[in-house]
Amino acid sequence: MPSVTIPEGAVPVPRAKRASLRVTAPPARPPRLRLAPAPFWHRAAEWMLRVLAVSAIAAIVLILVFIAKEAAPLFYSKVVRAEVTLSKMWWPQLWPGYDESASVWQPVSEIPKFGIWPLILGTLKVTVVAMLVGVPLGVGAALYVSEYARPRTREILKPVVELLAGIPSVVLGFFALIVMATWFQNLFHLESRLNALVSGVALSFAVIPVIFTLSEEAFRAVPRSYIEASTALGAARWQTVSRVVLPAASPGIAAGVALGLGRAIGETMIVLMASGNAAIVSASFADSTRTIAATIAAELAEVVFGGAHYTVLFFLGTLLFLATFGINTAGDWAIGRMKKKLGSTT
Amino acid sequence: MTVTAPAADRAELARLTARRTRRNLIADGALAVATGAALLIVVVILAVILLDVVRNGAPHISWAFLTEAPREGMTAGGIFPAIVGMVEMVVLMTLAGVPVGVATAIYLHEYASPVSRVTRAIRIAVANLAGVPSIVFGLFGLGFFVQFLGAGIDKVLFHGDKVYGQPAIIWAALTMAVLTLPVVIVATEEALRAVPRELREASLALGATKFQTVFNVVVPQASAGILTGTILAVSRGAGEVAPILFTGAAYFLPLLPRSLSSQFMSPSYHVYVLSTQSPDVDATKPILYATVLVLLLLTFTLNFAAVVVRARMRRRTGAPA
């Protein structure tokens, strides 16, 4: 402990206070009491609780096991492997009638083709649009609400933005399909009404509340003392925001972006309804696209149970699960880091 | 000085900037305008969606719309069977999911050591469960509930006849229960955290067992939080489509669901079918808009109720917002 010299006269009052505090202060840990003896059925009920509590772990494990189980024939079933193998899915194939080898997704044709790249590209295109629109809007709105709005305005604005999270994705899909698609077509003179752009923008409406909520929380978690110190040093407001608040809140924003990304990749109904669902390889955002999630939703109802197509769709589901699992774990890690970083200073 | 006053909010604090140079003024203004514009765009998007749905949907909502079955290839009539189907599914989901979620939260907060491996594993599982895409829940429901549990039940009880080994309301409800589990767990745990420690200590000091304390003192105090979680779960369950696509939802049924193995109609699935598979889009549009409006009213009312219950709980326990 570093010794501090305290001027005479300033000592008595605080010391007396501290002394009286020491007597009445509760111990840091609750005292070890012997609890009343519990009857047998109490303990039985508590065991029930423990068993039920593991259900979340059981759920996540069962999800992985059962979708992977349905995808597994891809690796051993002769019937399935006659039609499709992993290498056929990932490497471009020279299909009859094509001039050069290509990755093609045509699961219901005379020669079923399960080239996966059109779907991955489609998912990426839609996700990129959603994130390009969603991140600036979500983070910007969060910054305004936490740094500029008066407390009373904030109380109103926050629930209003979070109302967006309460809109079911099928309603956003409906709105994109019926209303937005026509607006976009007239505005940008697009050839296909449903395309990566419309579905990506609609998807951003689902992503914005996720990014907004987590970013706003992160901004609010920046200790007041940081802002006071910066202001006291003569920093203008934009300097405080860009050099103190944003860096301090960055892990929280990263977490919001990660969770938003997970949502965008896995979201089904919006893209199923508004992307046009053509599995083509093209770099243009104005073309109709097909994502992994929409493919599963659109095709699973019409497949033969246990067949090659069925197996491949479950394989796509497994991919989707693993991708979002990885992204969400990264997001949670970022949240934990922020709590540690900011928690130690307040 | 205002700097030391604890009530000064950030907006006020920032007005104390030292140098009002032109550069600072422009940069400050630009930042405020840019972030304000972002917020404005988000609010306008929300307003446009709501206005469009209300304007086109409200004229077609009537008592008949809510109490009649669809007629003439979905271009007339109402959505009564869909509402009944959704209510039944949501009730089953709540009965199956909420007790498990509440039990998990009670275990996590009242019994488990916060640093034990099991606790950490449960928390990671809950966080990841919340992020699993809804279509993956659909695959899981088909693979686990329909193909594994359902077919298993058929083999044992019905000599292989297809009764439960096909899409059914019970499997859709159970799939949705798994999907909404994190919602219930998070809301319940938040409520348990707000129960003061003194209450638990007082109860233990009076000679109550841990179990009596938890179930007679702590859980009643947290009941508002459990209610919040249930409402949010119901709202989510009513709006999701992807998980019920292959596990029990039907396009049109002449009868209401009468047993756990029946299929069911749901307004959310109805919206999807009407907007993508209708042969005559213009003829179905009024019904479509009205269905969307009903769905939105339902989820917004539920979410609003959850906000009110939570706010009341916070005021009563005096916990920080």
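Each protein sequence line maps, in turn, to chains A and B.
Take 159 as the starting number for the first sequence in my numbering and just add one per residue.
Take 400 as the starting number for the second sequence in my numbering and just add one per residue.
Cβ atoms here follow ideal geometry from the backbone N, Cα and C, with glycine treated the same way.
The structure displayed is predicted, hence computed values, not measured ones.
Could you tell me which residues DSSP pairs with residue i in its beta bridges?
i: A:Q264; result: A:K271
i: A:Q251; result: A:A260
i: B:R470; result: B:A475
i: A:G434; result: A:T447
Please compile the residues from chain B whose C-beta is within a distance smaller than 7 Å of the C-beta of residue i.
i: A:V303; result: L438
i: A:H200; result: T608, F610
i: A:A211; result: A502, T503, Y506, L507, I521
i: A:F233; result: In chain order: nothing, as chain B lies at least about 17 Å away.
Under a Cβ-count criterion, where at least 16 other Cβ atoms within 10 Å of its own Cβ denotes burial, should residue i be classed as buried or exposed?
i: B:D427; result: buried
i: A:S267; result: exposed
i: B:Q676; result: exposed
i: B:R419; result: exposed
i: A:H347; result: exposed
i: B:F610; result: buried
i: A:I314; result: exposed
i: B:V707; result: exposed
i: A:A240; result: exposed
i: A:I485; result: buried
i: B:N702; result: buried
i: B:R711; result: exposed
i: A:V209; result: exposed
i: B:N615; result: exposed
i: B:I425; result: exposed
i: A:I269; result: exposed
i: B:A437; result: buried
i: B:F651; result: exposed
i: A:S213; result: buried
i: A:R308; result: exposed
i: A:V238; result: buried
For residue i and residue j, which I take to be in contact (beta-carbon distance under 8 Å), what is that distance rounded to the nearest angstrom?
i: A:A422; j: A:L480; result: The Cβ separation is near 16 Å, so there is no contact.
i: A:T447; j: A:K283; result: 6 Å
i: A:I450; j: A:T281; result: 5 Å
i: A:A260; j: B:A641; result: Not a contact, Cβ separation roughly 30 Å.
i: A:G418; j: A:G296; result: 7 Å
i: A:W248; j: A:I274; result: 6 Å
i: A:V328; j: B:V670; result: 5 Å
i: A:E305; j: A:F377; result: 7 Å
i: A:G475; j: B:V577; result: A:G475 to B:V577, Cβ: 15 Å. No contact.
i: B:M488; j: B:F663; result: 6 Å
i: B:V583; j: B:V501; result: 6 Å
i: A:P276; j: A:V439; result: 5 Å
i: B:G530; j: A:T482; result: 5 Å
i: B:L580; j: B:G476; result: That pair is no contact at about 36 Å.
i: B:L644; j: B:G537; result: 5 Å
Just to make sure I have the definition right: I need the residues of chain A whose C-beta is within less than 7 Å of the C-beta of residue i. Which are they?
i: B:S667; result: P326, V328
i: B:A520; result: I215
i: B:L430; result: W396, V399
i: B:N702; result: G324
i: B:D427; result: A394, R395, W396
Please list, in chain order, the chain A residues whose beta carbon lies closer than 9 Å to that of residue i.
i: B:E639; result: P326, S327, V328, M427
i: B:L445; result: V318, V319, L321, L322, I325, F363
i: B:Y671; result: V328, G331, F332, M427, L430, M431
i: B:I448; result: L322, I325, V329, L330, F333, V337, F363
Residues of chain B with CB under 9 Å from residue i, in chain order?
i: A:N486; result: A526, N527, A529, G530, V531
i: A:T482; result: N527, G530, V531, P532, V535
i: A:L404; result: Per Cβ cutoff of 9 Å: no residues; A:L404 is ~11 Å from chain B at best.
i: A:V366; result: According to the sequence as given, residue 366 of chain A is Ile; it is not Val. Near A:I366 (Cβ distances below 9 Å), the residues of chain B are V441, I444.
Can you list the residues of chain B that residue i reaches, using a CB-CB cut of under 8 Å?
i: A:E204; result: Y510, K609, F610
i: A:L295; result: A437, I440, V441
i: A:K227; result: G542
i: A:L220; result: F539, F543
i: A:G465; result: Those within 8 Å of A:G465 in chain B number zero; the least Cβ separation is about 14 Å.
Listing by chain order, which chain A residues have their CB less than 8 Å from the CB of residue i?
i: B:G435; result: Y302, Y306
i: B:D451; result: F333, V337
i: B:T698; result: G324, I325, P326
i: B:L644; result: A455, L458, A459
Any heavy atom of the ligand COA closer than 7 Å to the CB of residue i?
i: B:A433; result: Here there are no bound small molecules, and the ligand COA is not part of this structure.
Which complete alpha helix (DSSP H) runs does the segment 631-671 of chain B hold, if anything under 4 residues is left out?
Taking only runs of at least 4 residues, no alpha helix (DSSP H) segment lies wholly in the segment 631-671 of chain B.
Can you list, in chain order, the stretches of the alpha helix (DSSP H) that have 4 or more residues and sit fully within the segment 278-357 of chain A?
Look at the segment 278-357 of chain A and you find these whole runs of alpha helix (DSSP H), each 4 residues long or longer: 309-321, 327-333, 339-346.
Alpha helix (DSSP H) runs contained entirely in the segment 479-544 of chain B, provided each spans 4 or more residues:
Qualifying alpha helix (DSSP H) stretches, in chain order: 479-505, 516-530, 533-539.
Which runs of the alpha helix (DSSP H) at least 4 residues long sit entirely within the segment 189-231 of chain A? Give them in chain order.
Correct list: 198-211, 213-229.
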